[in-house]
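J.: With mature numbering (1 follows the signal peptide of the UniProt record, and there is no 0) as the guide, the letters of the sequence shown map in order to residues -19 to -1, 1 to 129.
Each residue gets a CB set at the ideal place from its N, CA and C atoms; glycine is no exception.
If you scroll down you'll find the structure; I have some questions about it.
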Amino acid sequence: MFWLLTTFMFFSGTSYVCSTAITPEVVQAMKTIIDPVMKECQQELGLTEEKLQDLKDKGEVEDKVFCLSGCVFKKLGIFDKNVMVDVEKASEFHKAYIKDEAALTEMEKVTKECSKVNEESVSDGDKGCDRAKLFIKCVKEHKQTTVV
């Protein structure tokens, strides 16, 4: 499960900003909040640990991770009830854990920029898989262009 949590945290943008801002304490605090939500989403999606590991071993886990991320984003309020990135709620989430001002500013900038995915059409309705994929892709692109 740790690889999945790490993947989620990376995709949600929390671990690529200033490594000094993401202390082990921050990771643990976020894990405390995210872990039960992730388990709830896994249950809703029928994704047991064994099934996820099997998909990972086969190289087929990516789409399931997007659906799982979409579910978690919705439950954490990062996606609103219409499965749109809620910049304000995401900012509240980040502020609860990230105390380094430079890292927080960068995260808010990336979240705001990546909220442009709200303008994209998705084919899965309110499932959140497609929007999560778009959001994660945007965050990853910013990771590649952000100097930390």
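Rounded to whole angstroms, what is the Cα-Cα separation between Met88 and Gln34?
T.: 30 Å
J.: Count the CB pairs spanning the segment 74 to 93 and the segment 35 to 46 that are closer than 8 Å, and state whether there are at least three.
T.: Output reads no: the segment 35 to 46 does not touch the segment 74 to 93.
J.: Give me the Cβ distance between Phe54 and Gly109, rounded to the nearest whole Å; I'm assuming they're in contact under 8 Å.
T.: 6 Å
J.: Just to confirm, are residue 209 and Gly27 a CB contact at a threshold of 7 Å?
T.: No answer is possible for residue 209: the residues shown for the chain start at -19 and end at 129.
J.: Run through the DSSP bridge pairs and tell me what Phe74 is partnered with.
T.: DSSP output for Phe74 lists no bridge partner at all.
J.: Any idea what DSSP makes of Val66, helix, strand or coil?
T.: Three-state result, Val66: strand.
J.: Quick test of your reading: Leu115 and Val98, contact by CB under 8 Å. State the CB separation rounded to the nearest angstrom.
T.: 4 Å between Cβ atoms; contact.
J.: Following the continuous alpha helix (DSSP H) through Asp107, name the residue where it begins and the one where it ends.
T.: Annotation for Asp107: no alpha helix (DSSP H) segment contains it, and DSSP assigns it neither H nor E.
J.: Hey, Cys95 and Val68: beta-carbon distance below 7 Å or not?
T.: no
J.: Tell me the DSSP bridge mates of Phe60?
T.: Val66
J.: What's the C-alpha gap between Ile14 and Lys32?
T.: Distance between Ile14 and Lys32, taken at the CA atoms: about 23 Å.
J.: Do you know whose CA, among Met65, Gln9, Thr29, Ala10, lies nearest Glu101's CA?
T.: Met65
J.: Kindly say whether Lys114, judged by its beta-carbon, lies nearer than 7 Å to any beta-carbon of chain B.
T.: The displayed structure is made up of one protein chain only, and chain B is not part of it.
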